[in-house]
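Last residue of the sequence shown? That's 693 in the working numbering, and every number before it is there in order. Backbone N, C-alpha and C fix where the C-beta goes; we use that ideal spot for every residue, glycine too. Predicted, not measured: the structure shown is a model, and the values here were computed from it.
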Amino acid sequence: MTVRCQQLEGRPAVSSPTLTVSARWLGAYRCDVSSGYFTIPVDEPERYGGTNQGPQPTELLLAALSSCFTLAVAPAAGKRGIEMSHLGVEVTGTYDGPSFSALEIRVDVGCDDAVKDRLLEAAARVCYVSNTIRNTPEMSVRAV
């Protein structure tokens, strides 16, 4: 299978250097996160005082990393004419207090072993989420 990327119909191309996502608290440990087109429920498990009606924020962080890397590998393969029979990305985070001390990305890609490393290096160069985590951006918190 050769993968080709096309802009999703009805969704604008990236033209702004910023992206904003907002969260609205729903009580206890629940909120809805919106990004314009989509809303994602976020919650904590019952054992932590939540109602388990959505993924935890840390799960969303790992989901963002695994999905972004998946969507970086696929077009990198297509651009290089690399055929893939399958592609799966799994990310594991190691908790260390209120943060992760390590993140491991495991990629199961069905392609020629001779090109796997080159393909993953190409994907790592363009994956926004892994690059953001690796390069630790400035972050500010302010009341509005």
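Between residue i and the rest of its own chain, which residues show a CB-CB distance below 6 angstroms, the 5 nearest in sequence each way excluded?
i      : result
Gly659 : Met633, Ser634, His635
Ile589 : Val582
Val675 : Ala621
Ser650 : Thr643
Excluding the five sequence neighbours on either side, which residues of its own chain have a C-beta within less than 8 angstroms of the C-beta of residue i, listed in chain order?
i      : result
Met550 : Low per-residue confidence applies at Met550: pLDDT is 29, beneath 50, and the placement is therefore not dependable, though the value from the model is reported in the following sentence. For Met550, where only same-chain residues beyond five positions count, the Cβ hits under 8 angstroms are Glu632, Met633, Ser634.
Ile654 : Leu614, Ser615, Phe618, Val638, Glu639, Val640, Ser679
Trp574 : Cys580
Phe587 : none
Leu652 : Leu611, Leu614, Val640, Thr641, Gly642, Thr643, Ile682
Using a threshold of 8 angstroms, state whether the C-beta atoms of residue i and residue j are closer than that.
i      : j      : result
Leu609 : Val678 : no
Val638 : Val656 : yes
Ala626 : Leu668 : yes
Gly598 : Ala577 : yes
Tell me, please, which residues DSSP counts as bridged to residue i.
i      : result
Cys580 : Trp574, Val591
Thr641 : Glu653
Ser648 : Asp645
For residue i, is the classification buried or exposed, using 16 other Cβ atoms within 10 angstroms of its Cβ as the cut-off for buried?
i      : result
Val591 : buried
Asn644 : Residue identity differs from the one stated: residue 644 is Tyr in this sequence, not Asn. When all chains shown are included, Tyr644 counts as exposed.
Glu593 : buried
Please find out if some non-hydrogen atom of the ligand ZN comes closer than 7 angstroms to the beta-carbon of residue i.
i      : result
Phe587 : In the structure on display, the ligand ZN does not appear, and there are no ligands present to speak of.
Here's a check: name, in chain order, each residue in its chain whose Cβ is nearer than 7 angstroms to the Cβ of residue i, leaving out the five neighbours to either side.
i      : result
Arg596 : none
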